[in-house]
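Position 327, counted from 1, in the sequence shown is what UniProt numbering calls 327; the numbers after and before it change by one each time, with no gaps.
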Amino acid sequence: MKTIEEILDKIPINKLLSYTVELSQYNRVQGGRGIIDASKRVKEILEDFGLNPNLHLFQHDDSLMPFDANLVGWELEEGGLWIKKPIRALLSHTNKAITSVIVHSPPGEIAGELVYLPSGKCDKNCENKIVLTDDWSATNYFSFVDNGAIGVIAFRREGSETAYPYFSIFPSFEEISKAKAPAFTVTREDAMHLIYMINKGEKVEVEGYVKSRYNNVASIPVIEHSWGNGENEYHIISHLCHPGYTVNDNISGSIGNIAASIAMKYLDRSDLKDNIRINFVWVPEYSGSVSYLRKALSEGRKIIGTVNLDMIGEVQDITGSSLNFVRSPISLISPLEASTFKYMLDALPKSYGFSSITTFPTKKVWLINYEVGSDHDVYVSYGIPSVMLNMWPDKYYHSSEDTIDKFDIKQVASLGIASLLSILNVFNAPLKEYMNMVYGYDLMAIGDKELKKYRETLYCEAAQRLSVSPFYCEGVKHQANDKSFSIELKVNGFPSIRLLRKVLSKEELDEIMKMFETKRYMRTANSLVSVILSQRKKTSFSELKYILSGELGIKIEDIDLNTLLKAHEKVGTIYIKK
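Have a look at this one:
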């Protein structure tokens with residue numbers, strides 16, 4: 001089988017770079033026309049290489065429950081924002097940055113006094129005012145509107161001070177009547193100037209407009225191309241969505257996926273085992289992977305594992321990123337995980353040790369235990385092993401400055417090819433060696449003896465499932481045995497914030513949002529509930545707490561787990577039997 005470098009020499013890198021620029025120009029936000037047009041262009045690109053991809057169109061409606069709520073369609077024409085008093089100056093315009101209008105902002109014109117609300121909360125201070133905040137969320141947006149705000153302007157405290165952040169409302173049909181205030185972003189540089197004038201006691205007035213429209217249809221386009229006819233199916237997935245002219249998130253992963261799909265043309269057919277099928281998939285994030293995976297599973301397809309390519313193009317010296325290998329949960333460790341880790345390292349440029357045969361990557365690499373944040377979560381929630389290659393952190397993430405000058409096409413193509421080779425060589429994966437490595441690394445990172453035992457138990461259960469016999473598993477047994485009540489899986493899935501906005505009361509939503517903000521690991525726990533129950537079907541409260549603590553590497557508090565389980569029960573993913 002050819003090496004990554006040998007395949008890379010065959011691939012038209014310049015064409016891939018040209019496609020990157022072209023695809024980034026579509027305004028690819030979910031619910032809009034641009035994501036459909038970009039998907040059709042991906043299909044055409046694949047066809048130009050002699051491939052035969054399929055385009056599936058799903059709808060962003062209530063069928064996405066219990067993952068997500070329905071979505072209103074939206075199109076943006078243009079928008080602009082100015083300081084009116086005490087000086088006249090342009091703050092933002094879509095001609096300058098398309099992210100200067102918050103995605104799914106309602107249309108309209110605004111003019112009025114600006115107030116700064118850093119807490120994201122307001123009462124009468126919002127009445128007939130335009131709110132400036134650094135605490136953006138759709139939940140806060142609706143709170144501002146409910147309290148009389150006529151416009152909202154948001155900025156970000158982190159990242160580049162000259163970038164316009166990408167924020168969104170993503171309203172459901174039930175929320176659309178409340179989306180009354182046009183919404184904008186400004187750079188931190190300009191926001192600090194506005195705040196300075198307000199703190200000086202000056203009356204600051206702004207004016208602006210948004211030309212946009214809502215519609216009743218929000219389509220979900222999914223592109224799928226397959227190699228092979230085997231029953232054991234592996235996927236390489238990447239999301240194509242996000243605002244126009246942004247590149248690394250996630251045109252980079254989409255181009256890496258294109259590189260992987262056309263790389264098969266330069267391999268021997270014998271490299272693809274008879275019992276394997278590889279599907280290359282491009283989706284809108286989450287909504288596409290939910291729709292596509294459900295369809296695949298309903299057809300009886302046997303999906304063994306997935307590699308998710310999300311933000312793989314960053315020039316690390318500019319963005320400050322590391323290449324993160326985000327693992328499956330410990331309970332879903334698999335040969336694919338071991339194989340992908342090996343080939344990811346092979347894809348990176350190397351240097352030699354000072355006086356040994358050692359080689360090491362010249363780029364920053366990090367091994368990350370499972371965490372939520374992209375399409376791998378959907379597969380994992382169905383108990384399907386899924387890993388993600390991802391550059392993080394990124395100074396320019398979700399902003400107008402996520403641009404082509406921070407993009408490395410050779411790196412993207414190499415990682416895409418590595419994902420392909422990891423599947424083709426999955427039967428030769430160094431599974432035992434990999435498990436010993438991550439086991440030692442994981443336990444070394446934990447000081448608490450009880451917590452270490454939780455995690456060790458998960459590794460030993462995984463080793464038994466995989467018929468791997470590491471030296472460390474003698475005498476390790478599961479210790480949670482509370483049978484006071486059982487938690488049973490009703491349907492696979494985990495609720496998004498959008499869905500929680502729809503089904504929870506204001507008090508319940510405030511409680512879970514506060515937990516997610518102060519204890520970010522509970523967002524990952526939200527996904528892991530389905531993972532654990534998909535394997536066990538039912539469990540007790542203490543056993544679930546035990547497993548979650550082992551997976552996350554931190555002891556979960558009873559009050560937090562209760563909050564999470566109440567939400568899952570309300571959206572319909574679990575039964576709680578007392």
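Every residue gets a Cβ at the ideal spot worked out from N, C-alpha and C, and that includes glycine.
Cβ-Cβ distance between Val-103 and Ser-168 below 8 angstroms: yes
What does a CB cutoff of less than 6 angstroms around Val-380 pick up in its chain, not counting 5 residues either side in sequence? Ser-386 and Val-531
Using three-state DSSP, classify Lys-452 as helix, strand or coil. helix
Tell me whether Leu-23 counts as near the ligand SAM, meaning its Cβ is closer than 7 angstroms to at least one heavy atom of that ligand. In the structure on display, the ligand SAM does not appear, and there are no ligands present to speak of.
Per DSSP, Phe-167 is paired with what? BP columns for Phe-167 are empty, so no partner.
Is it the case that the segment 191 to 203 contacts the segment 114 to 121, given that we only count it when at least three CB pairs across the two stretches are under 8 angstroms? yes
Proximal residues to Ser-229 (C-beta, below 7 angstroms), its chain only, five neighbours per side dropped: Here residue 229 is Asn; the residue named in the question, Ser, does not match the sequence. So the list reads Arg-277, once near-sequence residues are dropped.
Since Asn-390 contacts Asp-442 with CB under 8 angstroms, what's their CB separation in whole angstroms? 19 angstroms between Cβ atoms; not a contact.
Can you tell me which of the three DSSP states Ala-89 falls into? strand
Touching by the beta-carbon criterion (3+ pairs, under 8 angstroms), the segment 345 to 364 and the segment 455 to 464: no
Contacts around Trp-392, its chain only, beta-carbon distance under 8 angstroms, and the 5 residues preceding and following it disregarded: Met-311, Ser-321, Ser-322 and Asn-324
Please name the residue, chosen from Ser-270, Ser-400 and Ile-262, that lies closest to Ser-419 on a Cα-to-Cα basis. Ile-262
Chain-order list of residues whose beta-carbon lies under 7 angstroms from that of Tyr-396 (same chain, five-residue window excluded): Gly-159, Ser-160, Ala-163, Thr-319, Asp-402 and Lys-406
Is it buried or exposed for Ala-89, if we count other Cβ within 10 angstroms and need 16 for buried? exposed
Excluding the 5 residues flanking Asp-271 on each side, which residues of the same chain have their C-beta closer than 7 angstroms to its C-beta? Met-1 and Leu-424
I'd like to check one pair, Tyr-546 with Tyr-454: are the Cβ atoms closer than 8 angstroms? yes
Is Val-186 helix, strand or coil when you go by DSSP? coil
Nearest candidate by alpha-carbon position, reference Asn-215, set Glu-5, Gly-553 and Leu-76: Leu-76
First through last residue of the beta strand (DSSP E) which encompasses Thr-99: Note, Thr-99: premise wrong, no beta strand (DSSP E); not H, not E.
Report buried or exposed for Gln-411, applying the criterion of at least 16 other Cβ atoms within 10 angstroms of its Cβ. buried
Would you decide whether Met-388 is buried or exposed? Buried here means 16 or more other CB atoms lie within 10 Å of its CB. buried
Is Thr-20 helix, strand or coil when you go by DSSP? helix
Three-pair Cβ contact test at 8 angstroms for the segment 281 to 292 versus the segment 361 to 371: no
I'd like to confirm the pairing. Which residues does DSSP put opposite Arg-277 in its beta bridges? Glu-233
Assign Ala-445 to buried or exposed, taking buried as 16 or more other Cβ atoms, counted over all protein chains shown, within 10 Å of its Cβ. exposed
I need the DSSP call for Gln-25, collapsed to helix, strand or coil. coil
Ordered along the chain, which non-local residues of its own chain (more than five positions away) have a Cβ less than 6 angstroms from that of Ser-24? Tyr-245, Val-247 and Ile-251
Throw me the rounded Cβ distance for the Ala-218 and Gln-30 pair, which I believe falls under 8 angstroms. 7 angstroms
Candidates Ile-110, Ile-237 and Ile-497: which alpha carbon is nearest Phe-184's? Ile-110
Measure the alpha-carbon distance for His-376 versus Thr-340 and round it to whole angstroms. 14 angstroms
Assigned exposure category for Phe-280 - 16 Cβ within 10 Å defines buried: buried
Considering only DSSP beta bridges, list what His-56 is partnered with. Val-222
Can you give me the start and stop residues for the beta strand (DSSP E) that Asn-425 sits inside? Neither: Asn-425 is in no beta strand (DSSP E) and is coded neither H nor E.
Per the contact definition of three or more C-beta pairs closer than 8 angstroms, is the segment 221 to 228 in contact with the segment 32 to 44? yes
Label Arg-188 either buried or exposed according to how many other C-beta atoms from any shown protein chain fall within 10 Å of its C-beta, with 16 as the threshold for buried. buried
Considering Cα atoms alone, identify which of Val-438, Ser-18, Gly-440 and Ser-486 is closest to Ser-540. Ser-486
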